[in-house]
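Since the structure comes first, as structure tokens, the remarks are kept for the end.
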Amino acid sequence: MTRIVLGVSGASGAALALATARLLVTLGIEIDLVVSPAAERTLREECGAGALAELTDLADQRHGSGDIGARIASGSAPLAGMIVAPCSMRSLAAIANGLDDNLITRAASVQLKERRPLILLAREAPLTLAHLRNMTAATEMGAIVLPPVPAFYLKPQGLNAVVDQIAARAVDLLRLGPQVAQGWTG
């Protein structure tokens, strides 16, 4: 069974975490979930009181964000990659600079050192020079920075369609199976 880490940081865009988890479950991919304290608040404020419970129910295992001794903090854990959705600029900076001070950033570093896919749905606008430099550093180490930008050419019929397409693109970037995101047909 394929297993990935889904990290959820406190940036706006909590619906991206839910959409990603729902898609992973439909594809039969097991989820190790890590939710930061700030993400718990963002999930509640943006998606409602039951969002954290739904996200936890979708996961096969939830790890505490402070549990840097969890199985997923080791390169020996059989994982296929990691998605951080959404990825705050704080988490991006920590990942880009090797500051493994919580389980999200430690698990991300493990993906990089093991040369596994690490997809960061970096959520901020506008961007400062520090944000851009951190994106460059993370990319140079092997991460894929995927800002959650709508595919306007698909003429999405609402916010849910936009969120689902972005989640599908993130999952596709793990390269675990056939493409699930709707593509440009020309």
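Note that our numbering has the sequence shown beginning at 465, numbered continuously upward.
We treat Cβ as the ideally placed atom computed from N, Cα and C, and that holds for glycine.
Since the structure is predicted, the reported quantities are computational estimates derived from the model, not experimental observations.
What are the boundary residues of the beta strand (DSSP E) that includes residue i?
i      : result
Met546 : 546 to 551
Glu504 : Careful: Glu504 lies outside any beta strand (DSSP E), inside the alpha helix (DSSP H) at 501 to 511.
Ala645 : Note, Ala645: premise wrong, no beta strand (DSSP E); not H, not E.
Ala586 : 582 to 586
Val613 : From DSSP, Val613 is part of no beta strand (DSSP E); its letter is neither H nor E.
Arg526 : 525 to 527
Take residue i as the anchor and find which of the options has the nearest alpha-carbon.
i      : options                        : result
Ala481 : Pro642, Asp628, Ser540, Thr649 : Asp628
Ile559 : Asp531, Gly533, Thr600, Ala544 : Thr600
Cys511 : Asn624, Gly641, Pro612, Leu563 : Asn624
Ala483 : Arg467, Leu507, Ile536, Arg580 : Leu507
Arg597 : Asp565, Asn561, Gly477, Leu618 : Asn561
Val635 : Val548, Glu578, Trp648         : Val548
Leaving out five residues before and five after residue i in sequence, what residues of the same chain have Cβ atoms less than 6 Å from its Cβ?
i      : result
Gln525 : Asp496
Ser552 : Ser473, Gly474, Ala475
Leu488 : Ile495
Taking just the CA atoms, how far does residue j sit from residue i?
i      : j      : result
Gln643 : Leu567 : 29 Å
Leu582 : Gly650 : 29 Å
Val472 : Ile630 : 15 Å
Gly492 : Leu593 : 39 Å
Between residue i and the rest of its own chain, which residues show a CB-CB distance below 7 Å, the 5 nearest in sequence each way excluded?
i      : result
Met605 : Leu576
Residue i: buried (16+ other C-beta within 10 angstroms of its C-beta) or exposed?
i      : result
Val613 : exposed
Gly641 : exposed
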